[in-house]
Each structure stands twice: as C-alpha cells, then as structure tokens.
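*Asks:*
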Amino acid sequence: MVFMKVSVCAPMKTNVYKDKRAWRLSHEAFLTLQELAQQQGVPTAAFLEVISRELALQRLSEEQRASIKAEAERIAAERQNEEQEA
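Right, dumping it as structure tokens:
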C-alpha cells in the first residue's frame, strides 16, 4: 500500500480592493508622468531621469554631488579602459 503525501495550502488572504486601488493609483501616476513627458517632447524614461536629477540637486549637498560625480567618472573611466583592453 502506497500513501501519497498531500499538502493543503490555505489560500492567502489578500485585500483585493486595496490591491486594485494601489494598482489604479500607480497606473494613474504613470499615465500622468507619460503625459508630462509627451508635453516636453521627450521619452518617459528621459523625463523621469531629468526629474530625479532635479530632485537630487535640491536634496544633496554640494559635497555629496561632487562625490557622486567623481564616482560616476571613475566608473566611466574603468569601463572605457576595459573596452580599450578588449
């Protein structure tokens, strides 16, 4: 006689209304950003990049910005050196 192990998982309780509402709000936010990007005549990704840079300029100190810029330049130089060696 062979017994098979059967595991029964209780369904996860989720708040479907809350999930739908969260999705709808995030989708509305995306559509708004997409429309703003179209008004500026740029792709949505480029528009988001510009916004994030502007926010960073407002929130970061001059020292933090200089540190980030130096790190980005270092990484770019490393990549360029790797490409030249390959």
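So in numbering that gives the first Met the number 0, spot 23 of the sequence shown is number 22, and the numbers just go up one at a time.
A virtual CB, placed ideally from N, CA and C, is assigned to each residue, including glycine.
1. Do LEU47 and LEU24 count as a contact pair if the criterion is CB distance below 9 Å?
2. Under a three-way DSSP split, which group does VAL41 fall into?
3. What is the rounded straight-line gap between the Cα of ASN14 and the Cα of ALA28?
4. Given a cut-off of 9 Å, decide if LEU56 and ARG64 are closer than it, judged by their beta-carbon atoms.
5. Would you tell me roughly how many angstroms separate the C-alpha atoms of VAL41 and LEU30, rounded to the nearest one?
*Replies:* Let's see:
1. Along the sequence shown, one-based indexing puts residue 24 at 25. Along the sequence shown, one-based indexing puts residue 47 at 48. Going by C-beta atoms, LEU24 is not nearer than 9 Å to LEU47.
2. Here residue 41 is taken as the residue at index 42 of the sequence shown, counted from 1. Correct three-state label for VAL41: coil.
3. Locating residue 14 in the sequence shown gives position 15, where the first residue counts as 1. Locating residue 28 in the sequence shown gives position 29, where the first residue counts as 1. Between the C-alpha atoms of ASN14 and ALA28 there is a straight-line separation of about 21 Å.
4. The residue you call residue 64 lines up with position 65 of the sequence shown. The residue you call residue 56 lines up with position 57 of the sequence shown. Contact check for ARG64 against LEU56 passes: the beta carbons are separated by less than 9 Å.
5. The count along the sequence shown starts at 1 and reaches residue 41 at position 42. The count along the sequence shown starts at 1 and reaches residue 30 at position 31. Cα to Cα, the separation comes out at about 14 Å.
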